Every structure is written in structure tokens, then in C-alpha cells.
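Colleague: Each protein sequence line maps, in turn, to chains A and B. Residue numbers 2 to 73, in the working numbering, belong to the letters of the first sequence in order. Residue numbers 243 to 583, in the working numbering, belong to the letters of the second sequence in order. Glycine included, each C-beta is placed from N, C-alpha and C at the ideal position. None of the values given here were measured: they were computed from a predicted structure. Have a look at this one before I ask anything.
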Amino acid sequence: MNAEEKIEFLEEIMEVEEGELTVDVRLDDLEEWDSITKLSLMAAIRKKNNKVITVEELASFQTIKDICDYLE
Amino acid sequence: MMTLFDNIAIRGVVTAVPSYADECNQAEYAQIMGEKRLKKHIRYTGIERRRVVMDEQKTSDLANDAVRVLLQKTLWNADSVDILILITQAQDMLLPATAMFVHRAFPFKKDMLVFDINLGCSGYTTGLQTVAGLLQNFGNRAILIVGDIRKYNPEWKETGEWEEYLTDWLLLGSGISATAIEKTDGHKMYGMQFVDGSGCMDIYKEYGHLSRMNGDAVFSFAINTVTDSVRQFMKDIHITDKDVDYYIFHQAQKLILDNIRDILEIPEEKILVSYRDFGNTSGASIPLTMCANRGQLGDGGRVLMCGFGVGLSWSAVYTNLVKDTYLKLIDSDHIYSYRQV
């Protein structure tokens, strides 16, 4: 995925409007970053990249950029 | 660990649920979670309502009603049963074992094996293996009772735990299931059993507190560890998807079940579910799903069941459900008195 696709991918998972997410958004400030979203992200990463994201890796994400850096 | 149990068959399954259904989409819950978040929660979990215990109804009350119907329909005399095992994490009392209240309620004999096991969502598939193992040397007939009950407590609101617990509360339903298992020539049961004590605090409940769950860790466990084990189990017993008519997984929630199905590439029509109307009923969720889908299972079929959860503990059973296995879901609100024999 390129940078744009990664943002689109995350917007879809977080169910926010197109263009609402930018790389510098802090996850703590995002109302949508709840437990269901985290689980959806884990599942989507497993499906898309066939990669298992650990709970520690998930917990280390602080910004949208952190997730984008992780995504392939 | 994979095991083959010879000459074991399931004769009947009855699941008792309290009649009151608690809707997930209601004002009180929306007020705490916010309407948007609540709706999203319901959409992802797929759980719209759960049965909830009212008043003083306890685990043994539901168990007794399930056993009563099971004995009637299998035409088993109570005194022909050699083993009675009850698996719950909602014991009636700290002691005695809840199984003793069931033993008292029917004319069971005294020379039999009766005890409780403390397990949750893996309880049914681990219980089937426990019973199947014991039946190799001990008696011919067994009743396995599995399940948990959930009761709303208004006092929760006074504690700081309620808001955090609410998302779990919206998953959890009440149900107690009773299964008749008998030594039967020629019927095989394959079992797989795993446990990982390092995850013992991923789901826990301390005395006087509400249960707590590390959702991320449990989800990761379900979609990674559990699916890997099921794949390995099928390989070990030399079966493929063609040898399975129905898959019955623990009804954790839709998000988990959809992902398990996706990862194991299971055709949608082969997965039986019951979570929408009954939620996650812990150990009872597999037998409850069997009863709720009796239309499909009426002609029997080769079933692969897999329970996973608190422990962490996960297990699976592959067996041929014989035609005319009695399956029934019943509503039960009866309360048996403890002081009366």
C-alpha cells in the first residue's frame, strides 16, 4: 500500500469521513480508536498482510503515522 | 494433544435459558456508551440481545430443568447414569459443588462419580473429552452439564467498574446445557486439548469484583492461536473440510467468528451460530448453538466443535452426531428450593 492507500484503509476501519485522518493525528484524541476498532485493525492486518500483529505492537501505536509505518 | 476416544456417542443435548431477553440497544446503555458507539458495538459483535437471569435463579435451577427434559427424552432412568460432571464459573455457592444440587434433584444412584470443573468457554469440548476418557473405564452413561449465568446487579452502578464492564456485559448471556453421553460400539470421538497458563490474567474475576478481560490479547489468541490449532488438529486426524458437515465454534462474538471463518476458509453455510439472540454463553455456547440449529442437525452429521477462552484454555472435538440425537432449547424460570428436598 502507498501512503494514501494506508490512510484510506484506516479511514475505512475507523469509519470516519474521507480526509478526516492525517498522519499526525494522535490515537488518544480519536474517539473512534476504541476496542472494537483495535480488534478490526488486528483482523484486517492479518487478512491483508497475512501478518500477526502482537498486542504489544498494537499498544505501542501512538499516532496514525505509527500504524502507517507498520503497514506494508 | 490429540486423543482418539473409541465407542462414545452423544445421545441428546438440552439447553435451558432464562426467558427474559435483555436488549443490547436500549437507552440506559446508550446513555453510558454514547449512541453511536453502542450501535457500532452491536453491529460488530452481532449480539442484539442476551438471556439474563432474574431474581434468585441459579445455575442448578437451569441445570435441573435441562436434565429433567434430557432424561425424559433419552428415556434414561436417572439411576442408569454413572457420571455427572458440571462445568461452570457461576457456582451456586462456594461449596458444595453445584453438581450436588443436581444430584439431589433426581433419583440418581449413590455409586456414581459427581463433581464440578471450573472452566469457561472451553468447558464443553474439554468436558466431552473428560467424560469420554472416564467412560473408557467407569460406567456406561454420563451427563455433562456446562454453562454460566449472568445476573444484573443494580449495585454495579455504584462502583467505578460498571462503565468499563458494560461492553463485556453486552456480550454475555445465560445458558446451561445438559448432554447425554453413552458408550456406543463403533462411534468415535477425536479430541484436541490445549492450555496456556501464561494467559491466566487475560480473563479473570476477583472475589467481589466484576470480571475483567484483556480484549486485545483474547482476540489475538482467538484468531491466531486457536485457528492454528484447529488447522493442526484437522491435519493430525487426517480430515479436510470435506469431512466436516458443520463447524460449531464458541460463540464469542461475530467479529471473532467471522475472522475465524475467514482464516480457516470455512464455507459460510457450514458455520452454525446463535450469538445474535443469545450472546456469549460461555461453555454453553456450543451445545446451545447445536440446540438452536436443530433443524440442520436433525439428520445428524459430522461436527467439529471448538471452545476457547478463559485459562487460556482451548479444545476441540470432532465426532459424528448420530441421526435423531435429541436437541432442544427450553425456556426455564423455575427456582428449586435449597431447603426442600
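#1: Please confirm whether I37 (chain A) and Y517 (chain B) have their CB atoms less than 8 Å apart.
#2: Taking only beta-carbon atoms, is V53 (chain A) less than 8 Å away from chain B?
#3: Please check if any C-beta of chain B sits within less than 8 Å of the C-beta of V17 (chain A).
#4: Out of B:G362, B:D504, B:V356 and B:W556, state which residue places its alpha-carbon closest to the alpha-carbon of I327 (chain B).
#5: Please classify V583 (chain B) as buried or exposed, where buried requires at least 16 neighbouring CB atoms within 10 angstroms.
#6: Does G457 (chain B) have its Cβ less than 8 Å from a Cβ in chain A?
#7: Return the chain-ordered list of same chain residues with a C-beta closer than 6 Å to the C-beta of D358 (chain B), the five sequence neighbours on each side being excluded.
#8: I want to see whether chain A comes within less than 8 Å of P260 (chain B), judged by CB atoms only; does it?
#9: So what's F380 (chain B) in DSSP terms, helix, strand or just coil?
#10: Whole angstroms is fine: what's the gap from R253 (chain B)'s alpha carbon to N456 (chain B)'s?
#11: Taking G20 (chain A) as the reference, give the member of A:E33, A:L28, A:E5 and A:W34 with the closest Cα.
#12: Could you name the residues of the segment 36–50 of chain A whose beta carbon sits closer than 8 Å to any beta carbon of chain B, in the order they occur along the chain?
#13: Mind checking who D390 (chain B) pairs with in its DSSP beta bridge?
#14: Please report the Cβ distance between P529 (chain B) and T257 (chain B), rounded to the nearest whole angstrom; I am assuming they are in contact, meaning their Cβ atoms lie under 8 Å.
#15: From T467 (chain B) to C363 (chain B), what does the alpha carbon distance come to, in whole angstroms?
#16: DSSP on V583 (chain B), reduced to helix/strand/coil?
#17: Based on the DSSP secondary-structure assignment, which residues constitute the bridge partners of D573 (chain B)?
#18: Taking Cβ-Cβ distances shorter than 9 Å, what residues in chain B pair up with L59 (chain A)?
#19: Per DSSP, what kind of secondary structure is G439 (chain B) in: helix, strand or coil?
#20: Under a Cβ-count criterion, where at least 16 other Cβ atoms within 10 Å of its own Cβ denotes burial, should R27 (chain A) be classed as buried or exposed?
#21: Measure the CB-CB distance between R293 (chain B) and Y262 (chain B) and report whether it falls below 8 Å.
#22: Name the one or two DSSP bridge partners that V295 (chain B) has.
#23: Determine the closest residue to N249 (chain B) out of B:H429, B:L414 and B:L370, with distance taken between C-alpha atoms.
#24: Would you identify the three-state DSSP class for K447 (chain B), choosing helix, strand or coil?
#25: Expressed to the nearest angstrom, what Euclidean distance is found between the alpha-carbon atoms of L361 (chain B) and D25 (chain A)?
#26: Drop a sphere of 10 angstroms on the beta-carbon of Q273 (chain B), count the other beta-carbons inside from all chains shown, and report buried for 16 or more, exposed for fewer.
#27: By DSSP, does E58 (chain A) sit in helix, in strand, or in coil?
#28: Since A305 (chain B) and I418 (chain B) are thought to touch, with beta carbons under 8 Å apart, how far apart are those beta carbons, to the nearest angstrom?
#29: Pick out whichever of B:N395, B:G381 and B:L414 has its Cα sitting closest to the Cα of G389 (chain B).
#30: May I ask you to list, following chain order, the residues of the segment 285–304 of chain B that have a beta carbon less than 7 Å from some beta carbon of chain A?
#31: Could you work out which residues of chain A lie near I465 (chain B), taking near to mean beta carbons separated by less than 8 Å?
#32: Count the other CB atoms within 10 Å of the CB of A308 (chain B); is the residue buried (16 or more) or exposed (fewer)?
#33: Just tell me which of B:D264, B:E406, B:N501 and B:V559 has its CA closest to the CA of K48 (chain A).
#34: Specify, as a first and last residue, the run of the beta strand (DSSP E) that I359 (chain B) falls within.
#35: Can you find the residues in the same chain that come closer than 8 Å, C-beta to C-beta, to I465 (chain B), ignoring five residues on each side of it along the sequence?
Modeller: Looking at the atomic coordinates:
#1: By one-based count along the first sequence, residue 37 (chain A) stands at place 36. By one-based count along the second sequence, residue 517 (chain B) stands at place 275. In this structure, Y517 (chain B) does not lie closer than 8 Å to I37 (chain A) by Cβ.
#2: Taking the first sequence and counting its residues from 1, the one referred to as residue 53 (chain A) is at position 52. Chain B contact via Cβ: present.
#3: Sequence index remark: in the first sequence, residue 17 (chain A) carries index 16 (1-based). Between V17 (chain A) and chain B, the shortest Cβ-Cβ separation is not below 8 Å.
#4: Within the second sequence, residue 327 (chain B) is the residue found at index 85, counting from 1. Nearest C-alpha to I327 (chain B): B:V356.
#5: Residue numbering aside, residue 583 (chain B) sits at position 341 when the second sequence is read from its first letter. Note on V583 (chain B): pLDDT 46, under 50, position unreliable in the model; the coordinate value appears next. It is exposed - the Cβ of V583 (chain B) has fewer than 16 other Cβ atoms within 10 Å.
#6: Position 215 of the second sequence, counted from the first residue, corresponds to residue 457 (chain B). True, the Cβ-Cβ gap to chain A drops below 8 Å.
#7: In the second sequence, counting from the first residue as 1, residue 358 (chain B) sits at position 116. Here the set comprises L328, A339, T340 and A341.
#8: Position 18 of the second sequence, counted from the start, is the residue given in the question as residue 260 (chain B). Cβ-Cβ to chain A under 8 Å: no for P260 (chain B).
#9: Sequence index remark: in the second sequence, residue 380 (chain B) carries index 138 (1-based). If DSSP states are grouped into helix, strand and coil, F380 (chain B) belongs with coil.
#10: Within the second sequence, residue 253 (chain B) is the residue found at index 11, counting from 1. Within the second sequence, residue 456 (chain B) is the residue found at index 214, counting from 1. Looking at the two C-alpha atoms, the distance is approximately 37 Å.
#11: Locating residue 20 (chain A) in the first sequence gives position 19, where the first residue counts as 1. The option with the nearest alpha carbon to G20 (chain A) is A:E5.
#12: S36, I37, K39, L40, S41, M43, A44, R47 and K48
#13: Position 148 of the second sequence, counted from the start, is the residue given in the question as residue 390 (chain B). BP columns for D390 (chain B) point to B:G417.
#14: As a position in the second sequence, residue 529 (chain B) is number 287, starting the count at 1. As a position in the second sequence, residue 257 (chain B) is number 15, starting the count at 1. About 6 Å separates the two Cβ atoms, so the contact holds.
#15: Mapped onto the second sequence, residue 467 (chain B) falls at position 225. Mapped onto the second sequence, residue 363 (chain B) falls at position 121. Roughly 15 Å between the two C-alpha positions.
#16: Locating residue 583 (chain B) in the second sequence gives position 341, counting from the first residue. Because V583 (chain B) carries a pLDDT of 46, less than 50, the predicted location of this residue cannot be relied on, and the following value inherits that uncertainty. If DSSP states are grouped into helix, strand and coil, V583 (chain B) belongs with coil.
#17: Walking along the second sequence from the start, residue 573 (chain B) turns up at place 331. Paired residue(s): B:V259.
#18: On the first sequence, residue 59 (chain A) is found 58 positions in, with the first residue counted as 1. Simply D458 and S462.
#19: For this step, residue 439 (chain B) is matched to residue 197 along the second sequence. Helix.
#20: Against the first sequence, residue 27 (chain A) aligns to sequence position 26. So R27 (chain A) counts as exposed.
#21: Taking the first residue of the second sequence as position 1, residue 293 (chain B) is located at position 51. Taking the first residue of the second sequence as position 1, residue 262 (chain B) is located at position 20. Result yes, Cβ atoms of R293 (chain B) and Y262 (chain B) sit closer than 8 Å.
#22: Your numbering for residue 295 (chain B) matches position 53 in the second sequence. For V295 (chain B), which the question treats as bridged, DSSP gives the partners B:K393.
#23: One-based indexing of the second sequence puts residue 249 (chain B) at position 7. Minimum Cα distance to N249 (chain B) is reached at B:H429.
#24: The residue you call residue 447 (chain B) lines up with position 205 of the second sequence. Looking at K447 (chain B) - three-state DSSP - the assignment turns out to be coil, as it is neither helix nor strand.
#25: Here residue 361 (chain B) refers to the residue found at position 119 when the second sequence is read from its first residue. Here residue 25 (chain A) refers to the residue found at position 24 when the first sequence is read from its first residue. Approximately 45 Å between the Cα atoms of the pair.
#26: Against the second sequence, residue 273 (chain B) aligns to sequence position 31. By the neighbour-count rule (16 or more Cβ atoms within 10 Å), Q273 (chain B) is not buried but exposed.
#27: For the purposes of this step, residue 58 (chain A) is taken as the residue at position 57 of the first sequence. Residue state, collapsed to three classes: helix.
#28: As a working mapping, residue 305 (chain B) is identified with position 63 in the second sequence. As a working mapping, residue 418 (chain B) is identified with position 176 in the second sequence. Contact holds; Cβ gap of about 5 Å.
#29: To locate residue 389 (chain B), count along the second sequence from 1; it is residue 147. The candidate whose alpha carbon is nearest that of G389 (chain B) is B:L414.
#30: Under the 7 Å Cβ criterion, the segment 285–304 of chain B contributes Y286.
#31: To locate residue 465 (chain B), count along the second sequence from 1; it is residue 223. Simply M43, A44 and R47.
#32: Mapped onto the second sequence, residue 308 (chain B) falls at position 66. Buried, since its Cβ has 16 or more Cβ neighbours within 10 Å.
#33: The sequence position of residue 48 (chain A) within the first sequence is 47, counting from 1. Closest option to K48 (chain A), Cα to Cα, is B:N501.
#34: As a working mapping, residue 359 (chain B) is identified with position 117 in the second sequence. Start and end: L355 to I359.
#35: As a working note, residue 465 (chain B) is residue 223 in the second sequence. Here the set comprises I498, N501, I502 and I505.
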